[in-house]
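Notes for the one structure printed next.
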Amino acid sequence: MPVATDFDQLIVREQTCSVKFDARQAVFGRDDVIPVWVADMDFAAPEAVTNALVARAEHPVYGYTLFPDSLYQTMMDWFARRHGWDIERDWILMAPGVVPSLHAACMAYAEPGEGVIIQPPVYPPFFSSVRDSGRQVIENPLVQDAGSGQYRMDLEHLELCAARPDARILMLCSPHNPVGRVWSEAELRGVLDIARKHRLVVVSDEIHCDLTFADKQPHTMLANLAGPDDALVTAVAPSKTFNMPGLGLSALVIADPDRRKAIKAVFDSMHLPQCNPFSVAGFEAGYRQGAGWLDELMQYLQGNRDYVMQAVATRLPGIGVAAPQGTYLMWLDCRALALDSTALKHLFVQSARVGMNPGVSFGEPGTGFMRLNIGCPRSVLEQVIARIEEALAGL
5 MPVATDFDQL IVREQTCSVK FDARQAVFGR DDVIPVWVAD MDFAAPEAVT
55 NALVARAEHP VYGYTLFPDS LYQTMMDWFA RRHGWDIERD WILMAPGVVP
105 SLHAACMAYA EPGEGVIIQP PVYPPFFSSV RDSGRQVIEN PLVQDAGSGQ
155 YRMDLEHLEL CAARPDARIL MLCSPHNPVG RVWSEAELRG VLDIARKHRL
205 VVVSDEIHCD LTFADKQPHT MLANLAGPDD ALVTAVAPSK TFNMPGLGLS
255 ALVIADPDRR KAIKAVFDSM HLPQCNPFSV AGFEAGYRQG AGWLDELMQY
305 LQGNRDYVMQ AVATRLPGIG VAAPQGTYLM WLDCRALALD STALKHLFVQ
355 SARVGMNPGV SFGEPGTGFM RLNIGCPRSV LEQVIARIEE ALAGL
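The sequence shown begins at 5 in our numbering and counts up by one.
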């Protein structure tokens with residue numbers, strides 16, 4: 005049933021302890037930038053989620069909480085309906101977030117000093133989870149097509165990385181943040197073939213799996229292509245899907261009991277499995293009742309994407325962009341402006357007063373790019389484009 009959400013509504017987020025808004029001075033050195041950086045959206049969460057949180061708050065005791073069976077069932081039902089993925093209850097391990105799960109996976113499946121393969125430009129915690137846990141980053145950079153601007157995996161180079169005697173894990177970002185690729189079945193099968201051959205554990209971060217555009221290829225869960233003997237850990241969460249990352253609950257799906265036990269031992273060693281009653285309520289309500297809201301969201305985001313595509317092509321000389329196939333993130337190619345990273349940051353922050361993520365923070369291959377979050381009302385994007393246009397005119 006349509007839910008008729010007003011995604012054009014401007015919601016004041018200042019002074020709500022919002023990282024995106026209230027950290028602007030700390031991050032950008034000024035608080036008047038339009039914040040289109042950190043990956044949460046400026047839309048109200050589904051009404052069903054809010055209602056569930058309010059209902060839980062009406063019980064005045066917020067004590068230690070269990071994960072109810074209904075939580076697992078709603079998740080299993082969601083992935084069966086939306087992705088054709090049949091998950092068994094015993095495969096699910098609740099986790100305090102995808103980023104902590106990346107760290108835990110490094111600790112569970114690689115020894116200190118051993119290698120973890122990542123594919124930059126990629127979400128910065130892929131780097132930090134490896135380095136902060138004392139493991140070694142092995143880079144398998146994505147390759148950008150000169151004509152379309154779209155990225156692809158370099159599977160030949162991935163094979164070389166996987167063949168290293170110290171390689172233990174491949175961290176896959178699917179759909180990919182920040183480049184917006186939804187990987188094809190052929191690419192994913194290639195990944196699995198290499199992982200099998202070289203006995204890699206694949207940790208597949210699929211937190212954006214629900215956020216794909218109707219006019220692009222659908223997302224394929226890697227688990228739907230994997231065999232029973234493949235070493236696969238899938239990370240999912242409703243946080244990006246229903247815009248509630250602050251609730252801090254995700255799930256790992258691991259069919260192999262030994263691998264599940266290994267990562268659970270890491271969480272247990274840090275007392276991380278503690279359950280928040282509000283996280284449970286939001287998680288369950290999103291997966292049970294959020295489908296209509298999500299469908300409307302993706303239509304709105306597609307309109308935002310198309311607006312930015314046209315605006316970049318006609319109003320922002322020296323900047324290019326390829327249409328993302330998934331996520332609410334767009335990867336602006338600013339290399340033709342011939343500015344170094346410091347000058348590029350100055351252009352956007354000081355001249356345009358727009359706060360975006362600098363591409364270099366996603367690894368060296370991101371130098372010269374900026375990541376734009378389009379999960380906001382269209383009127384905000386109109387202001388962003390106008391400010392950038394004016395700043396470019398002043399170069």
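Quick reminder that beta carbons are idealized off the backbone N, C-alpha and C, glycines included.
C-alpha gap between residue i and residue j, whole angstroms
i	j	result
A150	G367	19 Å
A239	F271	15 Å
E189	P222	10 Å
I267	L106	10 Å
E210	V183	14 Å
G290	K244	11 Å
Y332	S383	16 Å
D10	D310	19 Å
G4	P321	The structure shown does not extend to residue 4, since the chain spans only 5 to 399, so no value can be given for it.
M5	P129	The pLDDT assigned to M5 is 49, lower than 50, so where the model puts this residue is not dependable; a value taken from the coordinates is nonetheless given after this. If you take the alpha carbons of M5 and P129, they lie about 37 Å apart.
V42	M248	13 Å
L70	W82	21 Å
L298	F246	7 Å
A8	V58	21 Å
I455	V206	The requested residue 455 is not part of the displayed model; the chain covers only 5 to 399.
G296	T346	43 Å
C338	Q387	19 Å
A340	M313	17 Å
L348	D260	46 Å
V284	L75	7 Å
V102	G286	16 Å
G231	L196	9 Å
Where residue i falls: helix, strand or coil (DSSP)
i	result
G372	coil
P362	strand
Y155	strand
V16	coil
V270	helix
E386	helix
P145	coil
M5	With a pLDDT of 49 at M5, under the threshold of 50, the predicted position of this residue should be treated as unreliable, though the coordinate-derived value follows. In this structure, M5 counts as coil in the three-state DSSP scheme.
A377	Sequence inspection shows Asn at residue 377; the Ala mentioned does not correspond to that position. Note: N377 maps to strand in three-state DSSP.
Q221	coil
I392	helix
A230	coil
A171	strand
I198	helix
V134	helix
R203	coil
Beta-ladder partner(s) of residue i, from DSSP
i	result
S208	L176, T238
G324	D337
L97	L256
N308	DSSP, once it has assigned bridges, lists no residue as partnering N308.
G184	Answer is none; G184 lacks a bridge partner.
T216	G330
Q140	G119
I38	V358
Residues of its chain near residue i, where Cβ-Cβ distance is below 6 Å and the 5 sequence neighbours each way are ignored
i	result
Q154	A326
D36	R357
Q123	N144, L146
Selection from the options that minimises the alpha carbon distance to residue i
i	options	result
S137	R156, C165, A108, P124	A108
F32	T371, H350, S383, V102	H350
A227	W187, V237, L162	V237
D344	L162, T224, G372	G372
S152	N55, T346, Q329	Q329
D46	A395, N377, I389	N377
Q276	A259, A255, R86, A285	Note that residue 276 corresponds to Leu in the displayed sequence, not to Gln. Answer by Cα proximity: A255.
V65	N280, N308, A295	N280
G252	R93, N55, F282	F282
L97	P72, H87, E115	P72
V23	L301, A342, G250, Q293	G250
M274	N361, M111, H180, K220	M111
Neighbourhood of residue i by C-beta, 7 Å cutoff - its chain only, sequence neighbours within 5 removed
i	result
I142	G119, V120, I121, C165, R168, A171
G363	P125, G370, T371, G372, F373, M374, R375
A49	F246, N247, M248
R200	D234
A395	L351, S355, A356
N163	Note on residue identity: the sequence assigns Glu, not Asn, to residue 163. Only I198 meet the Cβ criterion.
I15	D46, A48
Residues near residue i by beta carbon distance below 8 Å, same chain, minus five either side
i	result
A390	none
W89	F83, M225, A227, N228
L305	L215, F217, Y332, I378, G379
G359	R28, V31, F32, V37, I38, P39, V40, W41, F352, V353
Distance cut-off 7 Å: residue i Cβ against heavy atoms of the ligand MG
i	result
T54	This structure lacks the ligand MG, and indeed carries no ligand of any kind.
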